[in-house]
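Have a look at the structure below, then the notes.
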Ligand code: ADP
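Residue numbers (my numbering): 447 to 712.
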């Protein structure tokens, strides 16, 4: 299973990603965590990212795309992954599509956390206060003004991703303001629902055909035109609409029935 968690800072993506890791045994990739580790270790990527992160702006696409490309190649990501904090821009989403298409893969679901920004700000500020009380080190970008800037970056650069993923059949929304348990349950429902995506949404995915799949609406195709031949009485009885019967063993449904959801297997 390959899942993207989409939502502003403080929406609960990290918490839910951990719940998904425990439940499905797939790896979590948080670009924020990787970047913070790089900053702490003083690697070239860390040196590049440090100041950008501290002011709440986004690190250049090519830096994070390289991090993700590298991570999803690793053996433990073979059976799936949860992306938390990536993609954050449309070019990142396009790069992710390309990376997966090269492997003949695609995403299974994009879970969008719907939030109320005012509540969110109060929530993050509370989290920062609690961390201070516990004497935990704060992130340099965990202060009220930078938080506002991070939210602004989300609004302008990341929120357009919902339009990018809308219409792919992958996008599912959950109420990020609900309790942790309720959000976990809503995500479980969303993932189960994603597994029933229309045939046209997943089964047609082939190497190189990703763009076409992405734009698929899952709508029914019009039935094929009736054969010009004059129908015999028997033929008229068995095929009144002129549709072809589904061919056995083709694994595809007859035209006109293709939009019926069916269970996807791993
Ligand atoms: P948040 O708590 O804001 O969701 P993250 O831990 O995901 O934060 O990321 C912290 C910072 O790391 C971001 O503000 C940004 O500077 C950088 N970052 C993380 N992921 C990305 C990304 N996909 N693209 C660009 N910058 C990123």
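A virtual CB, placed ideally from N, CA and C, is assigned to each residue, including glycine.
Bear in mind that the values here come from a model prediction, so they are computed numbers and not experimental data.
Looking at residue i: is its Cβ nearer than 7 Å to the Cβ of residue j?
i	j	result
residue 449	residue 528	yes
residue 631	residue 530	no
residue 564	residue 537	no
residue 475	residue 517	yes
residue 472	residue 526	yes
residue 569	residue 456	yes
Going straight from the alpha carbon of residue i to that of residue j, what length do you get?
i	j	result
residue 609	residue 491	30 Å
residue 497	residue 503	9 Å
residue 447	residue 594	33 Å
residue 548	residue 540	12 Å
residue 470	residue 522	13 Å
residue 479	residue 603	20 Å
residue 584	residue 578	7 Å
residue 560	residue 571	19 Å
residue 558	residue 619	5 Å
residue 451	residue 574	22 Å
residue 567	residue 640	30 Å
residue 481	residue 598	20 Å
residue 545	residue 611	16 Å
residue 586	residue 487	16 Å
residue 636	residue 532	19 Å
residue 719	residue 519	The chain is shown only over 447 to 712; residue 719 falls outside these bounds and no answer can be derived.
residue 755	residue 512	What the structure shows of the chain is the stretch from 447 to 712, and residue 755 is not part of that stretch, so it cannot be assessed.
residue 614	residue 467	24 Å
residue 649	residue 588	The predicted position of residue 649 is uncertain, since its pLDDT is 39 and thus under 50; a value taken from the coordinates is nonetheless stated next. Their backbone Cα atoms lie some 43 Å apart in a straight line.
residue 493	residue 642	44 Å
residue 638	residue 576	35 Å
residue 596	residue 534	12 Å
residue 465	residue 489	30 Å
Pull up the CB-CB distance for residue i and residue j, whole angstroms please, since I reckon it's below 8 Å.
i	j	result
residue 556	residue 616	5 Å
residue 495	residue 484	6 Å
residue 461	residue 626	6 Å
residue 514	residue 542	7 Å
In chain order, what are the residues with a CB under 5 Å from some non-hydrogen atom of the ligand ADP? Here the residues come out as 455, 477, 478, 481, 499, 504, 505, 510, 531, 532, 534, 596.
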